[in-house]
Structure formats: structure tokens, C-alpha cells
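**Q**
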Amino acid sequence: MTEPASPTASVPPVDRAAWRALVERDLKGRPYEEALVTRLLEGIELAPLYTEADGDASDARSGVPGLGSWTRGACPLGNTEGGWTVAVDAPPGAPQEVSAALQDDLAHGVSGINLALPEDEPSSRALLDGLLGGAPDAASLHLAPSADPAARGEQLFAAWARAGTPAAARKGNLGGDPFALLCDGVELPPSEVVWERLAAACRLAGERPGVRALELRADRYHEAGAHAAQELGLGIAAGIAALRGLDAAGLSPLHAARQLGFAFALDPDVFLGIAKLRAARRLWARVLSVLDAQGAGPAPLHARVGARCLTAYHPQGNLLRSTLATFAGAVGGAERITVLPHDAALAQPEAASRRLARNTQLVLLHEAHLHRVIDPAGGSYYVEVLTDRLSERSWEVVRAVEGQGGLRRALERGWVAERLAETRQRSSERVAHRVQAIVGVSVFP
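In my numbering, the protein residues as written are 39 to 483.
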């Protein structure tokens with residue numbers, strides 16, 4: 039039986055030089071670099087064409103899903119077994135109101151809840167009991183950063199016990215992240231105290247295989263103005279600082295790394311978002327390799343739609359922005375995704391807005407079936423090269439933070455704030471000059 043001829047078999051190959059000459063002729067005098075090369079805020083230049091010649095080295099660095107640098111995914115099957123965790127932020131309000139709203143979310147497809155527990159123990163108990171009372175094993179619970187995550191963890195484990203939640207269904211994160219507290223203006227105790235508390239949280243969570251103690255919130259830097267390389271670099275620097283601090287508190291890097299997760303923000307730039315998640319896994323693998331701790335495995339990634347990309351004017355457009363960001367999170371291999379309601383920039387979101395936010399994920403999961411493809415971006419020369427470039431820029435940020443004496447010192451001395459303010463100003467100028475468009479605001483209002 040003869041093989042059918044390839045439809046491109048009769049097309050003669052064209053080398054890059056010939057292609058470039060043809061393009062420059064059609065540009066009629068306009069410089070190629072000016073007309074067709076895109077310059078990102080991160081200092082990355084993107085060409086209009088990438089080929090196998092560009093992708094060979096990238097493919098070698100990316101490896102295969104679940105192995106090597108984890109660039110192409112945390113596990114060989116990606117999210118094909120059940121999809122990613124569809125998460126929502128708990129709304130503010132009285133415990134009974136919050137638990138009722140979350141029960142509605144759980145009844146309509148949500149499988150993960152990001153929860154800020156009240157400061158007083160009775161309110162925390164009422165909220166957890168109200169939430170778990172009707173559905174003790176319906177969702178993973180991920181706590182917001184707090185000064186004492188071990189104490190919050192004890193409250194969570196006690197609530198699971200009261201609700202009769204099966205051990206296998208007790209999943210989530212205790213939310214340890216001292217750097218997020220610094221970003222919120224909280225004055226931290228001495229480092230020894232900080233890391234002793236977090237080590238206690240790690241030991242507590244270490245007894246439950248479905249629970250981790252730390253989720254390092256790199257998305258906080260995004261919301262403060264960071265570009266992708268800064269957000270990623272600061273997030274990895276937070277991971278390095280956590281391993282160092284927990285080591286001083288008596289936990290080996292291997293043990294500590296098993297308790298870490300990361301959160302990153304995504305926006306409508308689909309390809310940059312995909313590359314960010316791929317680069318995050320690669321850089322974390324690099325850190326663990328240096329510490330001989332790759333046995334800890336990849337850290338789970340929480341992708342959040344960034345509040346920074348939501349507009350108060352024409353908020354309906356935020357539905358599309360959120361869809362693009364969610365798509366990037368799914369294709370990039372995030373284990374958990376949170377979509378903000380489209381009217382979050384205006385006021386307290388209504389029930390209908392929360393429903394649209396969760397349905398954004400559910401449509402991409404159950405109708406578009408994005409989770410059924412292992413590493414959909416794999417093999418794209420453009421994505422592979424963008425991942426390379428972003429990794430390089432982000433590692434420069436990591437080295438700069440280390441040069442400041444670590445992330446805590448860089449934050450407390452204002453070094454991080456100064457750099458993010460500069461980036462925020464540059465970003466604002468790009469919007470003002472329509473280099474970067476915001477539909478409904480700067481263009482087509």
C-alpha cells in the first residue's frame with residue numbers, strides 16, 4: 039500500500055535568508071526590526087517567525103512532560119485525569135453568608151476554595167463548620183496568608199474532624215507566606231520566629247499527604263506592577279528564601295520543598311502566560327537540582343486571573359480577558375485556577391458575576407476539553423523560545439534579589455518597591471501612547 043503524498047511535498051524549501059529578503063522587499067523601506075519585531079516590557083524581543091532551527095535547543099531543555107525540568111508539565115499525564123482544580127475566592131461577609139455562597143459554588147462545579155479565615159476563633163469555627171457541614175469532602179481548602187499558619191492549620195484540621203471529612207479528601211494549603219504579609223504592610227517578627235512558625239506548619243501538614251503548608255503568592259508582585267519576569271523572579275526568590283529559612287529551622291530542603299506551592303497571576307497575553315507557568319516549573323527544578331532536592335517533585339502552581347487586567351469601564355470586556363487568562367492557565371498546566379468576577383473592579387461582585395466567573399472555567403474544562411491534551415503548547419517553537427527568554431530574564435531577577443541579601447531584605451529596604459514602581463510607570467506610558475491597548479478604555483471606548 040502506497041503512502042499518500044504530503045500536500046507540501048511539491049513545495050520547494052525556502053531558507054530563512056530568502057524569506058527575510060522577500061519580507062524586507064514587501065516592507066518597502068521600513069526597517070524589519072521596527073515593523074515586525076515585538077518588544078515586550080520584560081526586555082524580550084519577539085521575531086515574527088520561529089522554525090525548527092530555533093526550537094532544537096529549546097526542545098532539549100524542555101524535555102518531556104513530568105520529567106527533567108518539568109517545563110512541559112508536572113506529571114506525564116498533565117491534567118488529563120480529572121482536570122485542574124476550579125477554584126473561587128470566598129466573598130467577604132458574615133460566616134453564615136460566606137458559607138452559603140460557597141455552598142452554592144460547590145453545588146455548581148467548584149472544586150477548590152481560597153479562604154481567608156476571620157481573626158477570632160469563634161467566627162472561623164462557624165465559617166468552617168457551615169462550609170463543611172453540607173459537603174465535607176467536596177473541595178480542597180486553601181487558606182490566605184497569616185502570621186501563624188500552624189494555628190490556622192489546627193483550626194482547619196479540627197473542622198475536618200468535626201465534619202467527618204475522609205482523610206483522602208483533606209486537601210489544601212495552609213497559606214504560609216511571610217513575604218505576602220510584608221507586601222500587605224504587616225511588620226514581621228525576627229526571621230527566626232517567622233521560620234520556626236512556618237516549620238511548625240510544615241510538620242503539621244507533612245502528616246497529611248494532601249495538604250501543603252506554604253503557597254508563595256508571586257501574584258502580589260504582579261498586582262503591584264511587576265512584569266512577567268519580575269513576578270516570576272521574585273516568586274522563585276521567595277522559594278529560595280523559604281528553603282533557606284526552613285533549613286535553619288530544622289527542615290531539610292527536600293522536606294521543605296514538598297510543602298511549597300506557588301501562585302502566579304495571568305492576564306490576556308495568552309502566550310506570555312503559558313510561558314510563565316512553563317518557566318516557573320523549569321526555574322524551580324533548577325533550584326531543587328542545585329540543592330539535590332529534585333526528589334521533592336514539582337511545586338503545584340495556582341494561576342489567578344490578575345485583578346490588574348480588570349477594568350471598571352466596560353466591565354463586560356473583562357469576561358473575555360478572564361477567558362484568555364484561564365485558557366493560558368489551562369494550557370500552561372496550572373493545577374488550580376481562580377477567575378475573578380468580571381465586576382470585581384467596581385464593587386462587591388454579585389451572585390451572577392460569581393456564576394459567570396466559575397462557568398468560564400467549567401466551559402473550558404467540560405466543553406473545550408482543554409485538560410484532555412497533554413502539554414498543548416509543546417512543540418510550538420514560539421512558545422519554547424519565549425519560555426527560554428523569560429526564564430533567562432527571570433533568573434536575572436533572582437540573582438539581583440540574592441545580591442540584596444534575599445527577598446526579605448529586598449522588600450524591607452524598598453528595593454522591590456522601587457523596581458516595581460519603575461515598571462508600573464513604563465507600563466502606564468505604554469497604555470497612554472497606545473503601545474498597549476485596553477479595549478473599551480484606551481481604544482474603542
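Virtual Cβ for every residue (Gly too), placed ideally from N, Cα, C.
I need the DSSP call for residue 82, collapsed to helix, strand or coil.
**A** In the sequence shown, counting from the first residue as 1, residue 82 sits at position 44. Here residue 82 sits in coil by DSSP.
**Q** Please give the ranges of any alpha helix (DSSP H) in the segment 391 to 449, keeping only runs that are unbroken, at least 4 residues long and fully inside the region.
**A** Counting whole runs of 4 or more residues, the segment 391 to 449 contains the alpha helix (DSSP H) stretches 419 to 441.
**Q** Return the residue from the list 266, 287, 345 that minimises the CA-CA distance to residue 309.
**A** Translated into positions along the sequence shown, residue 309 becomes position 271. Looking at the Cα atoms, 266 is the closest of the given residues.
**Q** Residue ranges of each alpha helix (DSSP H) run of no fewer than 4 residues wholly in the segment 49 to 130, ordered along the chain?
**A** You should have 54 to 65, 70 to 74, 90 to 100.
**Q** I think residue 75 touches residue 83, with their Cβ atoms under 8 Å apart; what is that distance to the nearest whole Å?
**A** Residue mapping note: residue 75 aligns to position 37 of the sequence shown, counting from 1. Residue mapping note: residue 83 aligns to position 45 of the sequence shown, counting from 1. The pair is a contact, with the Cβ atoms about 5 Å apart (cut-off 8 Å).
**Q** What are the boundary residues of the beta strand (DSSP E) that residue 179 is part of?
**A** Here residue 179 refers to the residue found at position 141 when the sequence shown is read from its first residue. 178 to 181 is the span of the beta strand (DSSP E), which, as asked, contains residue 179.
**Q** Among the residues of its own chain, which have a CB less than 6 Å from the CB of residue 176, if the five just before and after it don't count?
**A** Here residue 176 corresponds to residue number 138 of the sequence shown, with the count starting at 1. Once the five neighbours on either side are set aside, the close Cβ partners of residue 176 are 144.
**Q** So, are the CB atoms of residue 392 and residue 136 less than 8 Å apart?
**A** Taking the first residue of the sequence shown as 1, we reach residue 392 at position 354. Taking the first residue of the sequence shown as 1, we reach residue 136 at position 98. Not in contact: residue 392 and residue 136 (Cβ atoms no closer than 8 Å).
**Q** Excluding the five sequence neighbours on either side, which residues of its own chain have a C-beta within less than 6 Å of the C-beta of residue 248, listed in chain order?
**A** For the purposes of this step, residue 248 is taken as the residue at position 210 of the sequence shown. 208, 209, listed in sequence order.
**Q** Name the DSSP bridge partner or partners of residue 341?
**A** Taking the first residue of the sequence shown as 1, we reach residue 341 at position 303. Per DSSP, 302, 375.
**Q** Got a sec: does the ligand NAP put a non-hydrogen atom nearer than 7 Å to the Cβ of residue 202?
**A** The ligand NAP is absent from the structure shown, which contains no ligand whatsoever.
**Q** Closest to residue 124 by CA distance: which of 459, 132, 399, 225 is it?
**A** For the purposes of this step, residue 124 is taken as the residue at position 86 of the sequence shown. It is 399 whose Cα lies nearest to the Cα of residue 124.
**Q** So, for residue 357: in the same chain, excluding its five sequence neighbours on each side, which residues have a beta-carbon less than 8 Å away from its beta-carbon?
**A** For the purposes of this step, residue 357 is taken as residue 319 along the sequence shown, with counting starting at 1. Cβ neighbours of residue 357 beyond the five flanking positions: 380, 394, 398.
**Q** Let me check one thing: in DSSP terms, what residues is residue 278 bridge-paired to?
**A** Taking the sequence shown and counting its residues from 1, the one referred to as residue 278 is at position 240. DSSP lists no partner for residue 278.
**Q** Quick check on residue 251: does DSSP put it in helix, strand or coil?
**A** Your numbering for residue 251 matches position 213 in the sequence shown. Residue 251: strand per DSSP, three-state reduction.
**Q** For residue 81, which residues of its own chain have a beta-carbon under 8 Å away from its beta-carbon, when the five flanking residues on both sides are left out?
**A** The residue you call residue 81 lines up with position 43 of the sequence shown. Excluding residues within five positions, the ones whose Cβ falls inside 8 Å are 267, 431.
**Q** Apart from the five residues just before and just after residue 77, which ones in its own chain have a Cβ nearer than 6 Å to its Cβ?
**A** Against the sequence shown, residue 77 aligns to sequence position 39. Only 83 meet the Cβ criterion.
**Q** With which residues is residue 211 paired in a DSSP beta bridge?
**A** For the purposes of this step, residue 211 is taken as residue 173 along the sequence shown, with counting starting at 1. Beta-bridge pairing links residue 211 to 180, 250.
**Q** If you draw a straight line from the alpha carbon of residue 110 to that of residue 132, how long is it in whole angstroms?
**A** Indexing the sequence shown from 1 puts residue 110 at position 72. Indexing the sequence shown from 1 puts residue 132 at position 94. Going from the Cα of residue 110 to the Cα of residue 132 covers about 42 Å.
**Q** Please work out which residues of its chain come closer than 6 Å, Cβ to Cβ, to residue 92, disregarding the five sequence neighbours upstream and downstream, and give them in chain order.
**A** Position 54 of the sequence shown holds residue 92. 419, 423, listed in sequence order.
**Q** For the putative contact between residue 250 and residue 211, defined by C-beta atoms under 8 Å, what is the C-beta separation to the nearest angstrom?
**A** Numbered from 1 along the sequence shown, position 212 holds the residue referred to as residue 250. Numbered from 1 along the sequence shown, position 173 holds the residue referred to as residue 211. Right, their Cβ atoms sit about 5 Å apart.
**Q** By a C-beta neighbour count over all protein chains shown, 10 Å radius and 16 as the cutoff for buried, is residue 122 buried or exposed?
**A** Counting from 1 along the sequence shown, the entry for residue 122 is found at position 84. Buried.
**Q** Rounded to a whole number of angstroms, what is the C-alpha to C-alpha distance between residue 477 and residue 465?
**A** If you number the sequence shown from 1, residue 477 lands on position 439. If you number the sequence shown from 1, residue 465 lands on position 427. For residue 477 and residue 465, the distance between alpha carbons rounds to 16 Å.
**Q** Rounding to the nearest angstrom, what Cα-Cα distance links residue 225 and residue 408 in this structure?
**A** Along the sequence shown, read from residue 1 onward, the residue named residue 225 stands at position 187. Along the sequence shown, read from residue 1 onward, the residue named residue 408 stands at position 370. In a straight line, the C-alpha of residue 225 is about 42 Å away from that of residue 408.
**Q** Restricting to Cα atoms, I'd like to know which of 425, 159, 231 is closest to residue 270.
**A** Locating residue 270 in the sequence shown gives position 232, counting from the first residue. Residue 270 has its Cα closest to that of 425, out of 425, 159, 231.
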